[in-house]
Amino acid sequence: MSTSLLSQDQIKGLISMKEIVEICEKTFKGFGEGTVINPTKVNLDLGETADFPPYKGFMNAMPAYIGWTDTAGIKWAGGNLGERKRLGLPYVTSLIMLIDPKLGNFTCVLDGAFITNMRTGAQTAVALKYIFNGGSSERKSIKLGLYGAGMQGHTQTLAISQLFDIEEVRVYDVFKAAAEKYKEDMKDVVKGEIIVCDTPKEAAQGDAIVCVTQSKDKFLLDEWVKPGTVVFPMGSYQECDDAMLLNAKKIVVDHIGQCLHRGALAELSEKGKITEKNIFGTIGELAAGILSAGDYSDGKIVCIPIGTGAMDIAVASIVYKKAKEQGIGGAYSFIQD
Amino acid sequence: MNTLLLSKSDIEKLISFKEIVEICDKTFQGFGDGTTLNPPKVNLNLGDSAPFPPYNASMNAMPAYIGWQDIAGLKWAGGFGGERIKMGLPFINALILLCDPSLGNFVAAMDGTSITNMRTGGQTAAALKYLFKGRKSIKLGLYGAGAQGRTQTMAISEVFDIEELRVYDIIKPSAEKFKSEMESYVKGNIVVCNEPEEAADCEVVISVTLAKDGFIRNEWIKPGTVYFAMGSYQECDYETILQADKIIVDHVEQCLHRGALKELVGQGKITAKNIYCTIGDLAVGRNTVDNLKNERIICIPIGTGAMDVAVAGTVYKKAVSLSMGTEFSFDM
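Protein chains in written order, with numbering that gives the first Met the number 0: chain D, 0 to 336; chain L, 0 to 331.
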C-alpha cells in the first residue's frame, strides 16, 4: 500500500486558516465529548534542559486519535536553538504521520511545521470564541495586545481575524523592527489600527492579550492588565509573573497533564502552588458546552492552549483528504508487497 | 532539506543479522553508560484495551537518541488485530523517522517492520552474549514458530552455534515449517515438540507468542536456565516470575507496564526493586551473573525504540553511501 507524501508548499495550497479554525473547533468539541484521544506527549531532550546531548533542542512525540475524522496520527516536532538557529532555519521542525486506524496502514507523511504554526493561532481563536464571545458565531469586535511579532504573532492574528473584527492590535517585540514588519504585513487582516509599542507595558491593553515569545523572564505583569481581560501565555516558558497565574479568576487549558508540565504553569506546578484543582476546565469542555466561562468582568481569565497533537492530526487528516481528492502530493511504498 | 525514504526491501538488502547484533550490543552499552536516551514509550490505545475507538489496535511512539551514532529518531509502531489480520496483512506496522539532533532536520523516513522483527532477535542475542560469555554453543527451547521465532533463531546463530533447538507451537504444522526453513541456522537438530513442557528442557528458553494464559509452568524451568519472556502478555505463570533468582530487563519502566511483569506489578507483587539489573548494566559490566548454573534467570527485553533507531541509523548511513532510496523534501 502506498503512502502519500505532502510538502509544506503543497499543504499551504490545500488548506486555509478559515478551515483550520473550524477543524480546531470540532476537535476541541471532541476533547470535551471524549471522542478525541490525546495521550500526554513524550519529550526527547536533546540538550534543551539536559547537558547531554549538547544540541539545545528537543523533540516531542504527540500521538492522537480524532473521532470526527476517524484518523490516528502522530506529530514528531521539536525546537532547536543551536545549529539550526545559527543557519537561519525556522525554530520548529516537524513531521506528521497518519494511519488508517482500522487497517493500520500509513496513509500519509507530511510536513508538520506549517500546520503547527497555523493551528496554534486557530486554538486561540476558538478559545476566544467560547471565553470572550460565549460560543456565539456572530462576529464581535476585539482589541488585542500582542507580545512577539514573529511567525506565531502573525498566525495568531490571522486566526483571530477569522472569527472577530480586530479593531486594534498593540504589538510589542524586543526587536522593534519585527513589530514594524508585523504592522506592515497585517494591515489587511486587522480592521482597526496596529500600534507598535515602545515598552512592554503599552501592549498590555485589550480584550485579549496574547504572548507568543520564547521569553523566560516573566515580563508580563499582573498589575498592568485590567479585569475583564483574557490572557494567553502561549510560550514554552513562563512569560507572565506568578501573580497573574495565582490571582487569575479562572485558568483554562487545552490539556491538563501537558499544561502542568510545560509552559506558563510548569514552574508553579513544580513548586506545588498550582495543581489540577486550580484549573477551571478545558477549552474542550467549553466547546462541548459542559462548562461556561461565565462573567469575568471582575477578574482575568488565563487561557493556555499549550498545543495538542490532536489539533495537528485533525488538520493533517483534512489536508490529506483534500490532497487525495485533488491528486496532489507524492507517493511512496514503504512496504511493496 | 531532503528526507531519504527507504522501503522494507531496501532495508533488507542493506543490513544483516550480524550487523544488527553488533548494533544492539553497542546500544545496550550506551544504555549502560548513559549515552542512549530512551524515554518510556507512549501508547495510543485504538481499542486494544479500551472500548473506543473499536479497532482492536494500539500504536506506540518510541523516541530515542543514540550517542554512539549521534542520531535521534522515532519509531511509531503498532499491532492491529482487527481488519488488518482479516485482510491477511502482518499484525505489526511501523515507520521510523530519523532526525539530525544538531540541526533538527529529518534525514530519513523508513519502514519499521523488518527492523522491529530483526532487532527483537538482535536484543536476545546481545543479552545472551553477556550472560553466556565465553560460550561457543547453546541449547535453545523456543515457543512460537512464527516470524519472531525465526528472527530470534537467526540472530542467536550469529553469536552461538545452536547445538539443539526444541520448538513448540500450538499449531504443529507451523513448527514443522519452522524446522524445514531454519535448518541452515541450527548446527544440531531441530526437534518439534508435541508437548509444551518438552521445549523447556534447555539452558535458553524463549517465548515469542501472543499467549495470555501463562502456559509456561514454573516447574518446567530448571536451575541453569535463562528464560526470555518476549511476548506482550502473560506467557508464563506467576510462580515462574516470583521464584526466579534474578529478573533482568532492558528498560525498567516499560517492563513494569507491559509484557510478562505487568499483571504482577498491578497486584503489587513485583516492583522496580525486584529487578536485578538491566541488560545495559550487564553490557558495561556494572552487574554480572556469576552463578548461572544454579540459578533461574528471567530476561525480558520488551523492546526499546533505541534499538530500532540505532539500526535505522546504520541503515540510513549505508543507504547514503550506496545512493539507495528515494528523496523527498517535506519542508519546501
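Virtual Cβ for every residue (Gly too), placed ideally from N, Cα, C. From a predicted model like this one, the values you see are computed outputs, not experimental measurements.
query: Span of the alpha helix (DSSP H), counted from its first residue to its last, around ASP184/D; result: 175-184
query: Other residues of its chain near ASN293/L: CB distance less than 6 Å, five sequence neighbours each side excluded; result: PRO222
query: Option in LEU5/L, GLN28/L and PHE131/L with minimal Cα separation from ASP249/L; result: GLN28/L
query: Beta-carbon separation (whole angstroms), SER291/D vs GLY227/D, contact threshold 8 Å; result: With a Cβ gap of about 16 Å, SER291/D and GLY227/D do not count as contacting.
query: Start and end residues, beta strand (DSSP E) containing ALA49/L; result: Note, ALA49/L: premise wrong, no beta strand (DSSP E); not H, not E.
query: Cβ-Cβ separation, PRO100/L to PRO52/D (assumed contact under 8 Å), whole Å; result: 6 Å
query: The segment 146-162 of chain D contacting the segment 328-336 of chain D, beta-carbon criterion three pairs below 8 Å; result: no
query: Close beta carbons around CYS196/D, own chain, < 6 Å, minus the five adjacent residues each side; result: ARG169, TYR171 and ALA202
query: Sheet register partners of TRP75/D (DSSP bridge); result: ALA60/D and LEU94/D
query: Cut-off 6 Å between Cβ atoms - residues of its own chain near THR313/L, not counting five sequence neighbours on either side; result: ILE22
query: Beta strand (DSSP E) segments (min. 3 residues) lying fully within the segment 25-113 of chain L; result: 41-45, 56-65, 70-79, 91-98 and 105-110
query: Any C-beta of chain L under 8 Å from that of PHE174/D; result: no
query: Burial state of GLU222/D (16 or more Cβ within 10 Å); result: exposed
query: Where TRP219/L meets chain D, residues with beta-carbon distance less than 8 Å; result: Those within 8 Å of TRP219/L in chain D number zero; the least Cβ separation is about 35 Å.
query: Pick from LYS128/L, ASN188/L and LYS317/L that is closest to SER284/L, judged by C-alpha positions; result: One detail in the question is off: residue 284/L reads as Gly in this sequence, not Ser. Selected option, being the one with the closest Cα: LYS128/L.
query: Per-residue DSSP class, three states only, for ALA154/L; result: helix
query: Same chain, Cβ closer than 8 Å to ASN273/L, neighbours up to 5 away in sequence not counted; result: ILE246
query: CB-CB length for PRO39/L against GLU252/L, believed under 8 Å; result: 5 Å
query: Opening and closing residue of the beta strand (DSSP E) in which CYS196/D lies; result: That residue, CYS196/D, is in no beta strand (DSSP E); it is neither H nor E in DSSP.
query: Any chain L beta carbon closer than 8 Å to TRP67/D; result: no
query: Extent of the continuous beta strand (DSSP E) to which SER140/D belongs; result: 139-146
query: Check whether LEU96/L and GLY77/L have beta carbons under 8 Å apart; result: no
query: For TRP67/D and LYS25/D, believed in contact at Cβ under 8 Å, the rounded distance; result: 5 Å
query: C-beta neighbour in chain L for ILE159/D, strict 8 Å; result: no
query: Reduced DSSP secondary structure (H/G/I, E/B, other) of TYR167/L; result: strand
query: Terminal residues of the beta strand (DSSP E) in which ILE250/D lies; result: 249-252
query: Assigned exposure category for PRO304/D - 16 Cβ within 10 Å defines buried; result: buried
query: Within-8 Å CB hit, ALA97/D to chain L; result: The amino acid at residue 97/D is misidentified as Ala; the sequence shows Leu. By this cut-off, LEU97/D is not an interface position.
query: Buried or exposed by the 16-neighbour rule on C-beta atoms within 10 Å, applied to ILE334/D; result: buried
query: Three-pair Cβ contact test at 8 Å for the segment 206-217 of chain D versus the segment 237-245 of chain D; result: yes
query: Heavy atom of the ligand FAD within 7 Å of ALA124/L beta-carbon; result: Looking at this structure, you won't find the ligand FAD or any other ligand, since it has none at all.
query: Beta carbon of ILE141/D nearer than 8 Å to that of PHE174/D; result: no
query: Boundaries (first-last residue) of the alpha helix (DSSP H) holding LEU162/D; result: 150-162
query: For SER332/D and THR350/D, the rounded distance between their alpha carbons; result: Given a span of 0 to 336 for chain D in the structure shown, any question on residue 350/D remains unanswerable.
query: Same chain, Cβ closer than 8 Å to THR224/L, neighbours up to 5 away in sequence not counted; result: ALA199, CYS201, GLU202, VAL203, VAL204, ARG295 and ILE296
query: Residue from ILE10/L, GLN147/L and LEU102/L with nearest C-alpha to ARG85/D; result: LEU102/L
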